[in-house]
Structures are given as structure tokens and as C-alpha cells.
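Engineer: Just so we're on the same page, my numbering is the position in the sequence shown counted from 1, plus 6.
Ideal Cβ positions, reconstructed from N, Cα and C, are used throughout, including at glycine.
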Amino acid sequence: MPRRTPRNALFDTLRTPRKLAGFLKTASVCVLIAGLLSPLTQAAAAEPAATSNDYCGGQCSDILPPGENGNATLAQILLNQAFGTQPSHAEDQLGPYANLATGYSGLTDAKINTFFNDASFGVPSDQVASTEKPAGRGDVTIVRDKKAGVPHITGTTRYGTEFGAGYAAAEDRLWLMDVFRHVGRGRLTGFAGGAAANQGLEQQFYRNAPYTEADLQAQIDGAVARNGARGQQALADVNAYLDGVNAYIDASDSGRYFPGEYVLTGHKDSITNAGTIDHFKVTDMVALASVIGSLFGSGGGGEVDNALSLLAAQSKYGVEQGTAVWESFRERNDAEAALTVHDGRSFPYATRPADPKGEALPDAGSVTQEPLVYDRTGSAATASARSTSAAAAKTTLGSARRGMSNALVVSGKYTAGGHPIAVFGPQTGYFAPQLLMLQEIQGPGISARGASFAGLSMYVELGRGQDYSWSATTSGQDIIDTYAVELCQDDYHYLYRGTCTAMDKVEQKNAWKPTVADGTAAGSYTMRVWRTKYGPVEYRATVGGKKVAYTSLRSSYLHEADSIIGFQMLNDPDYVKGPQDFQSAAQHINYTFNWFYADSQHTAYYNSGDNPVRATGVDAEFPVWAQPAYEWQGWDPATNTAAYTPASAHPNSVDQDYYISWNNKQAKDYTTASWGDGSVHRGNLLDDRVRRLVAAGGVTRAKLTQAMADAALADLRAEDVLPKLLKVINSSPVTDTTAAAAVGKLQAWVAAGARRTETAAGSKQYADADAIRILDAWWPLLVKAEFEPGLGSDLYSAFTADLPVDEAPSAGHGPTGSHAGSSFQYGWWSYVDKDIRAVLGEPVQGGLTQKYCGGGSLTACRDALIGTLKQAAGLTAAQVYPGDDQCSAGDQWCADSIVQRTLGGIKHGRIGWQNRPTFQQVVEYTSHR
């Protein structure tokens with residue numbers, strides 16, 4: 007586990023209040039620590055781990071901060087809280103990861119593993135730290151390496167292999183696994199405490215997946231039944247994995263080396279060992295999967311927000327012009343958008359119908375959000391608790407913005423070695439411990455190394471096989487639709503195919519009391535969701551005077567377990583032997599991801615997800631009536647299955663010259679649910695750099711890693727939009743001294759590369775600090791001054807609800823709040839770019855319907871920009887970076903810094919900002935089977 011963490015973060019589920027800090031000062035701490043140190047430290051062994059066929063030639067590397075070890079005993083937690091002591095392998099990958107930001111400029115292939123782990127299969131005999139036979143089994147061995155403590159699991163039977171995977175997962179992430187199985191059931195507060203972050207977290211996910219135990223079991227039964235022998239094997243693998251997890255629970259309980267959080271949250275007694283750690287069961291896997299899928303793999307939603315902004319546009323401009331204005335900001339298929347598949351092929355999906363049918367737009371002012379929390383008592387009834395609920399609801403309902411991650415893949419035709427090179431990985435946020443864990447699994451039908459989500463690590467989910475690697479980014483195409491169900495009888499009955507039908511009420515009652523870990527006062531509440539055959543109710547409104555409930559139907563709803571088959575295939579060396587096999591495996595993953603592949607000869611790409619085939623004329627952007635004519639084609643409400651678009655209709659490719667993805671648009675005519683796929687997107691930061699490398703040829707692993715690392719420090723606004731803003735300002739001499747000084751600083755920064763970089767490694771001071779401060783302050787001011795006069799305040803506000811104006815590193819955004827690393831995914835940079843170019847008289851493809859800056863006058867636009875620039879330049883660092891629980895006001899570097907958000911008792915220090923994957927691979931295979 008890890009070290010220092012903020013207390014206002016969504017995922018900051020455990021706190022160490024003053025009560026614990028005071029407890030650490032007592033003399034009894036030494037006695038307590040002595041009695042609680044783990045007795046099971048493994049002795050080093052000379053026996054090497056078995057090495058399977060490895061065709062990477064020592065050219066596969068990976069990294070996953072902060073460290074592999076995510077478990078800590080009570081003694082280790084107390085030492086960490088008191089003295090900052092770190093358990094072994096809790097943060098030994100954090101330093102190398104952080105150091106790339108200042109070390110990438112001199113990177114060579116030989117130096118890559120200074121910043122990454124060697125991801126070769128097996129462990130050399132002189133690098134074996136420990137060897138164990140979990141639960142004394144003879145059919146599986148877990149070897150851990152000295153450098154990072156990664157478990158290398160080798161089994162002689164399939165059962166033993168998966169048993170070992172479960173045992174190793176519990177060794178490294180038991181507490182985290184327990185936290186998230188409770189999150190997935192909406193039961194976190196009763197388990198870990200009533201802190202505001204815990205309340206927000208369980209509320210966020212319960213809205214998305216309000217499942218009963220019967221629902222969870224039915225999903226397992228369905229996934230197994232639909233997939234024949236592979237389904238049966240998956241169930242056997244899960245059961246073996248759980249046997250391993252539970253064996254570790256029993257061993258650690260009796261040996262008293264279980265995670266110390268169980269004591270701090272009141273589940274175990276440190277003196278008598280009273281209390282229990284519940285065994286894991288199969289339905290826990292579905293609960294865990296629902297959390298991960300909701301966070302990273304569920305594109306869509308936001309139809310009600312879209313409807314509200316459309317109505318605002320039509321109110322201002324009239325229906326025809328208002329619709330045109332709305333469409334110009336929506337940028338469904340912008341001609342200037344960066345594409346992953348850039349060979350000109352078209353993959354139409356969720357495009358605008360010529361004659362929309364079935365739209366159910368709300369009456370003005372009638373929309374209200376469906377309450378989730380009822381019957382509040384104690385600390386749950388405070389104003390802050392209600393504010394937490396509102397924020398959680400906004401995160402869940404208010405946007406189609408999800409996901410992160412990036413990928414850079416280059417064909418062997420353009421590399422120095424003649425083999426494809428890939429640098430790729432998911433941005434899953436920064437947590438302590440990390441949501442992902444590293445492992446190698448070798449056994450009958452399984453041969454892989456890489457990262458898996460804790461508690462779902464029966465297979466490697468992102469990583470490498472014997473002669474191929476794969477990774478993913480969140481894709482975000484729309485698999486969620488909003489239906490307007492007409493109410494009948496009362497607010498809890500609706501018309502289903504002509505029959506007045508009762509809604510299904512699902513409730514979760516939670517109560518908590520103070521613990522050592524979380525001193526939040528006692529409280530309780532009930533979460534209540536009303537479900538229909540068209541999904542859970544999210545809003546109430548009237549449409550044409552009729553009372554309706556807006557529901558959300560997701561194609562992966564009630565199918566959280568289905569993707570297990572795709573991951574099983576990706577781990578199977580007898581299944582994946584080339585790019586087509588890889589694409590076939592990815593087709594079995596129902597979550598919305600972009601999948602990338604590289605071996606020694608080929609590269610490939612496939613966009614996964616169960617994309618429903620919508621009724622003719624239905625516009626996926628807006629709510630539609632819950633009537634048979636507008637339902638998904640072939641939809642069966644009993645199983646939530648439907649007709650899905652065929653694999654050939656998903657963006658896909660083999661051996662394109664290069665691929666990039668940073669959650670940008672996948673392909674021509676393929677509409678994603680999120681806004682902002684326009685002329686400026688953070689995907690351009692990768693595309694520009696990789697295109698230059700490919701044009702020059704001779705690409706190496708080091709050069710492609712440098713391209714990623716350089717983009718990770720780039721300020722998208724400064725690199726791609728600021729030069730145009732300065733062009734407007736410099737269209738006439740700048741005579742105002744304040745503005746001229748600001749312009750000079752901004753120009754110097756752009757000339758230096760527009761990066762947010764330290765003056766020197768460890769300085770914690772930015773080069774070009776003033777220019778960075780000025781742009782951070784200027785951007786929201788200039789956007790408002792540019793667009794609000796033309797749009798009007800109501801429409802401007804509605805559009806900012808669809809797409810936030812900015813996502814700078816210091817801003818609080820997304821599921822992880824501030825200090826989250828990922829930045830510049832969502833913002834108005836494309837709108838500013840297109841509008842400013844239009845004002846300058848430059849050509850624009852897919853421009854806005856009018857010129858907004860200065861009403862289209864270059865002089866007036868320049869005046870607006872200079873006026874806001876002077877205002878921004880006058881703001882102090884303390885005003886721009888006001889400080890939080892991590893940083894003092896005015897500390898620019900700290901405001902940007904990345905924090906490993908605590909999910910347990912171990913804390914870590916801050917690292918400098920980088921906009922890059924959390925888990926990352928650098929690979930170049932030299933041969934193939």
C-alpha cells in the first residue's frame with residue numbers, strides 16, 4: 007500500500023484522523039508492532055521460475071505505480087502513519103515512473119528499464135526473492151522477483167494455476183478487493199465508514215448498477231450458458247481463483263498477518279483476533295466487474311443534458327437555426343478530428359438521422375433528477391452529506407464523459423528493427439493501492455504477463471502473451487440510451503407496451519458508526535432505485551404535458567460478466583496466434599474499449615462493445631419514447647439482449663502505418679457519446695509526434711517512448727490554440743505594457759515547446775511559470791468573453807454542462823477529482839480554435855454556424871482577448887492556485903501534482919504532473935511462433 011493522500015477525493019475511502027495520530031504517540035505502539043509483524047516473509051530461493059516461450063527478446067517492459075504490494079499489516083500501517091515507513095514493494099515503481107518526466111530527453115533503448123520493469127517471462131535465478139507453494143499445493147508455485155515483487159504464477163494444472171492467481175491477488179490486494187466488492191453492491195459505508203467520499207462512491211455506482219444478489223447470480227449463469235465450453239471453463243477458473251483468495255484469507259487470519267485496515271475499521275480485534283473476514287463468492291466478481299465497467303467501459307448517456315442544451319439553442323434561435331447551432335457545437339463527425347483509423351474508411355454509427363423519430367424532449371423547466379437517498383439520520387442528514395450526494399449524482403447522470411488512456415503503435419515498416427513497436431496503457435487514475443496489479447500467469451491454456459484489476463485477476467487483462475502484446479483505451483461510443491416511459495396510475499407505474507406496469511423498487515440500507523480509520527459520526531440512509539424494463543429511472547419530467555420518467559438502458563446492463571470470455575481468449579496462446587485472432591477475442595468484450603495489438607510482424611486495432619442496432623430514425627443523442635417502434639432491434643427485456651452491429655461495422659484495422667488513441671474519435675462517421683471530438687483534441691498531441699516519427703523512419707522503442715513522454719508534459723491549449731490567439735492579438739501592435747509583458751511570456755513559452763516542466767529534476771518549480779499561470783487564469787476568462795455574448799448566458803451555461811470549458815492539470819475533474827494526472831481530455835479548445843481561425847479568415851472545415859469572438863470583428867475580438875489577458879495577468883499565483891488539503895495557496899507545481907489517493911492505510915508522496923497511462927508497456931517483439 008501507499009502513503010500521502012487527500013481527504014476530499016472521491017476515492018479517499020479511509021482516513022487517519024487525529025485519533026489515530028494521537029494513538030501512535032503512546033508507548034504501547036512498540037509493543038503492538040512487535041506482536042503484529044508478519045511471520046511469513048518468504049525466504050529467498052535459488053530455484054528459478056519456469057520460463058515459457060518468450061519471443062520478445064528482452065524488449066518488453068512495463069510499469070505500474072506505486073508498487074505491487076497493496077497489503078499492509080496493522081503494524082506496517084502504524085509505522086507508515088508515524089514515520090513514513092513503506093512496506094516492501096509498496097512504492098518501488100513510483101520513483102522510476104515519476105523520473106521519466108525529467109529523464110526522457112536522453113532516453114535510449116538501453117535505458118528504458120531505468121524507468122520501466124523488464125517484462126520478460128519468468129525470473130532469472132539470481133533475481134528470485136521468494137518461492138511459495140500456496141496452501142501447500144503441489145500444482146502451483148508463486149515466485150516473486152527482487153526488483154518489484156511481482157508474482158509469477160506457474161501451475162501444472164488449470165485449477166492450481168487459477169488457485170495461485172487468486173492467492174497472489176489476495177496477498178497483494180485483499181483489502182482493496184473487499185472495498186470494491188462492497189462498492190459494487192452499494193454497501194461501502196457500512197463496511198469502511200461513513201466518510202463523505204465513501205457515501206459519494208457507493209451512491210455513484212449504485213445508480214448505474216442497482217443489482218440484487220439474484221441479478222448478480224443470473225449474470226454468471228447467463229454468461230456461462232451462452233458460451234459453451236469456454237463458459238464452463240471460465241466458471242471453473244473463477245471458482246479456483248476464489249478458492250485461492252479464500253485460502254489466503256484463512257491463512258492470514260489464523261496467522262494474524264491480514265491487512266491492518268480490518269482492525270482500523272472494526273472488523274477484527276488486534277488483541278483477541280475476534281471478528282471475521284468474509285470469504286469471497288462468485289457474485290462478488292460481478293459486483294467488482296460492474297464498478298470497473300462503469301468507470302472505464304460504458305460509453306453513452308447524457309441524453310437529457312443534450313435535450314436541455316438543444317432546447318436552449320432552439321429557444322434562442324428558433325428550431326431550425328437553433329438545431330444547426332447545437333449540431334455545430336456537438337461535432338458528431340467533425341472533418342478535422344484526429345482519428346485512430348485514418349485510412350479513409352467509414353464506419354457509420356449513431357449518426358444523425360435525416361428524419362428523427364420518437365424523440366421525447368422534455369417540456370421547458372419540467373426536468374427533475376430522481377432522488378437516490380432517503381431516510382437520512384445522523385451524519386447522513388448534514389448539509390455536507392447532501393452536497394456529496396448531489397456531486398455523486400452529477401458525476402453519474404450529468405455527462406457522457408468517461409475514460410482515459412493512450413496508445414502509440416507503429417508498423418515495422420517504419421521502425422529501425424523492422425518490427426512493430428507499441429507504447430500503450432490505460433490511465434486508471436492514481437490510487438494507494440493501485441486498482442490494477444501486475445502478475446505473470448503460466449499454466450495449461452494460459453500464458454501471459456501484465457495488469458489486471460484487483461479481484462478480477464484470474465486472467466491478465468492488459469499485457470503480453472508469448473509473442474504478442476495488447477492494450478486498451480476507453481472508446482466511449484454510445485451503448486446507453488434514455489427512454490421516456492409514460493406514467494400511469496401514479497409515479498411508480500408506467501406503460502409497458504400498452505399495459506400499466508409497476509416499477510421494481512430496489513433498496514440498499516446502510517448504517518455506519520465511528521471507527522479508528524474513519525471518525526465520521528454515526529449515520530444511516532437508504533438508497534432507493536426504481537427500475538423499469540427500460541432500465542433504472544434517472545429523471546422525471548413532462549413531455550407534451552404527459553408525466554414521464556426518463557430511464558437509462560445500457561447494453562452491458564445485466565451483462566457485467568460477459569467480457570470474461572474475451573479476456574480468457576487473450577490469455578490463451580493456442581487461440582491468439584495473429585492479428586485476426588486478437589480481433590476475434592476482442593469481439594467477445596462487451597465494454598466500450600479501443601484494443602491495440604502488436605507482434606513481431608503485425609499491428610492491429612479493434613473497437614469493442616455491444617453496439618445496439620437502433621430503430622430506424624432514432625437519434626441516439628436524445629431521449630426517445632419507450633414504445634416498441636423505438637426500442638433496440640431484437641430487444642428482449644427479460645435478458646436485456648438485442649441485435650448488435652456486426653464486427654465488420656466496428657472500427658478495425660490491421661497493419662495501418664501507425665495508430666494513436668487518447669480517447670479521440672475512432673474513425674470517420676463513428677460518433678462517440680462524449681462531446682469535444684473536434685479540430686483540437688489531446689489525441690493531436692500524439693498524432694503530430696508519431697506522424698513525424700513515421701515520416702522520418704527508423705523509429706525505436708526509445709523514440710516512441712519519448713513521443714509519449716513529451717506529449718505527457720504538453721499543455722494542449724498552449725501547443726495547439728495559443729499560437730492562433732496570439733496571432734489575433736499581434737494583428738496590431740500591443741501598446742499596453744501589462745498585455746505586452748504577458749504576450750512576451752506566452753510567446754517564449756510556446757517557442758520553448760509549451761510544456762509544463764520543472765526547471766530541473768526535483769526543483770518543484772516550473773520553467774515558464776508565469777506563462778503557465780497566465781494561461782491557466784486566462785483560458786476560462788477568454789472562453790467566456792468569446793462565446794457568452796453571442797450565445798447568451800442560458801445557452802452558454804447549457805453547453806458548458808455538456809462540455810466543460812477547461813481541464814487543466816490543477817482542476818478537479820472526472821472520477822478522481824484533482825491531482826489526478828489525466829488532463830486536457832474535455833474542453834472548449836476545438837471551439838476556440840475554429841472560431842479564432844474563422845475570425846482570422848483562415849479556412850475551417852466543419853466550422854461553427856457563426857463567428858463569436860468579437861461578433862466576427864477581428865478588432866473587437868482582439869480587444870476581448872487583450873482585456874481578459876490583462877485581467878488574467880493581474881491574478882496572483884495564490885488566486886489562480888488557491889490551495890487545498892495537499893497544497894498551500896500559490897504552489898503551482900503542487901497544484902498540478904499527482905497524488906496516490908488512499909484506498910487503505912498506507913500513504914505516498916506527491917509526484918510531478920504527467921499526462922500518461924498509469925500502467926504502461928513498451929514492446930518490440932523480435933520473433934514469432
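What is the DSSP secondary structure of Ala56, counted as helix, strand or coil?
Structural biologist: Unreliable positioning characterises Ala56 in this predicted model, as indicated by a pLDDT of 40, which lies under 50. The coordinate reading is nonetheless provided below. Three-state result, Ala56: coil.
Engineer: Below 6 Å CB to CB, which residues in the same chain sit around Tyr380 once its five sequence neighbours on both sides are set aside?
Structural biologist: Thr532, Arg534
Engineer: If you draw a straight line from the alpha carbon of Ala766 to that of Leu699, how long is it in whole angstroms?
Structural biologist: 27 Å
Engineer: Looking only at DSSP bridge pairs, what is Asp124 linked to?
Structural biologist: Ser67
Engineer: Counting only the same chain and skipping the five closest in sequence on each side, list residues whose C-beta sits under 6 Å from that of Phe830.
Structural biologist: Sequence-distant partners of Phe830 (beyond 5 residues in either direction) whose C-beta falls short of 6 Å from its own C-beta, in its chain, are Arg688, Leu722, Glu813.
Engineer: Is His188 helix, strand or coil when you go by DSSP?
Structural biologist: helix
Engineer: How many Å lie between Val251 and Arg143 at the Cα?
Structural biologist: Each residue's alpha carbon lies about 14 Å from the other.
Engineer: Using the Cα positions of Phe628 and Gln433, report the straight-line distance between them to the nearest angstrom.
Structural biologist: Rounded to whole angstroms, Phe628 to Gln433 spans 29 Å at the Cα level.
Engineer: What is the rounded straight-line gap between the Cα of Gly449 and the Cα of Gly456?
Structural biologist: 15 Å
Engineer: Enumerate in chain order the residues of its own chain whose CB-to-CB distance from Val189 is below 7 Å, with the five nearest sequence positions on each side excluded.
Structural biologist: Scanning its chain for C-beta atoms nearer than 7 Å, with the 5 sequence neighbours on each side dropped, one finds around Val189 the residues Leu207, Glu208, Phe211, Val297, in chain order.
Engineer: From Arg935 to Gln440, what distance separates their C-alpha atoms?
Structural biologist: 34 Å
Engineer: Alpha carbon to alpha carbon, how far is Thr874 from Val347? Give it in angstroms, no decimals.
Structural biologist: Those two C-alpha atoms are separated by around 39 Å.
Engineer: Comparing alpha-carbon positions, which option in Thr538, Ile570, Ser385 lies nearest Arg560?
Structural biologist: Thr538
Engineer: Look at the alpha carbon of Ser863 and the alpha carbon of Ser738, and state the distance between them as a whole number of angstroms.
Structural biologist: 14 Å
Engineer: So, is Ala104 buried or exposed, given that buried needs 16 or more other C-beta atoms within 10 angstroms?
Structural biologist: buried
Engineer: If you draw a straight line from the C-alpha of Gly281 to the C-alpha of Gln223, how long is it?
Structural biologist: 27 Å
Engineer: Tell me whether the beta-carbon of Val373 lies closer than 8 Å to the beta-carbon of Ala547.
Structural biologist: yes
Engineer: Please report the straight-line C-alpha distance between Ser417 and Phe430, rounded to a whole angstrom.
Structural biologist: 14 Å
Engineer: Quick check: the region 885-904 against the region 390-398, are at least 3 beta-carbon pairs closer than 8 Å?
Structural biologist: Too few Cβ pairs lie closer than 8 Å, so no.
Engineer: State the Cα-Cα distance for the pair Ala527 and Arg762, rounded to the nearest angstrom.
Structural biologist: It is roughly 42 Å from the alpha-carbon of Ala527 to the alpha-carbon of Arg762.
Engineer: Applying the 10 Å Cβ sphere with the 16-neighbour rule, what's the burial state of Arg503?
Structural biologist: exposed
Engineer: Starting from the C-beta of Glu794, find all residues in its chain whose C-beta is less than 6 Å away, skip the five residues before and the five after it, and write them out in chain order.
Structural biologist: Tyr802
Engineer: Roughly how many whole angstroms lie between the Cα atoms of Gly880 and Leu781?
Structural biologist: 12 Å
Engineer: I need the straight-line Cα distance from Asn312 to Asp484, nearest angstrom please.
Structural biologist: Those two C-alpha atoms are separated by around 13 Å.
Engineer: The alpha helix (DSSP H) spanning Pro585 covers which residue range?
Structural biologist: Residues 585-592.
Engineer: Write down the C-beta distance between Tyr832 and Leu809 rounded to the nearest angstrom, noting that I regard them as a contact closer than 8 Å.
Structural biologist: 6 Å
Engineer: Using 8 Å for Cβ pairs, my map puts Val850 next to Ala844. What's the rounded Cβ distance?
Structural biologist: 5 Å
Engineer: Look up Glu168 in the DSSP assignment and give the residues it is bridged to.
Structural biologist: None, per the DSSP bridge assignment.
Engineer: Who does Ala720 pair with in a DSSP beta bridge?
Structural biologist: Arg761
Engineer: Whole angstroms is fine: what's the gap from Lys552's alpha carbon to Thr622's?
Structural biologist: 24 Å
Engineer: Where do the N-terminal and C-terminal ends of the beta strand (DSSP E) with Ala604 fall, by residue?
Structural biologist: Taken as a continuous stretch (DSSP letters only), the beta strand (DSSP E) holding Ala604 covers 599-605.
Engineer: On the premise that Asn412 lies in contact with Trp668, defined as a C-beta separation below 8 Å, what is that separation, rounded to the nearest angstrom?
Structural biologist: 4 Å
Engineer: With DSSP as the reference, label Asn613 as helix, strand or coil.
Structural biologist: In this structure, Asn613 counts as strand in the three-state DSSP scheme.
Engineer: From the DSSP output, in three-state form, read off Lys552 for me.
Structural biologist: strand
Engineer: How would you write the range of the alpha helix (DSSP H) that Gln472 sits in, first residue to last?
Structural biologist: First-last for Gln472: undefined, no H or E at that position.
Engineer: Drop a sphere of 10 angstroms on the beta-carbon of Asp841, count the other beta-carbons inside from all chains shown, and report buried for 16 or more, exposed for fewer.
Structural biologist: Label assigned to Asp841: buried.
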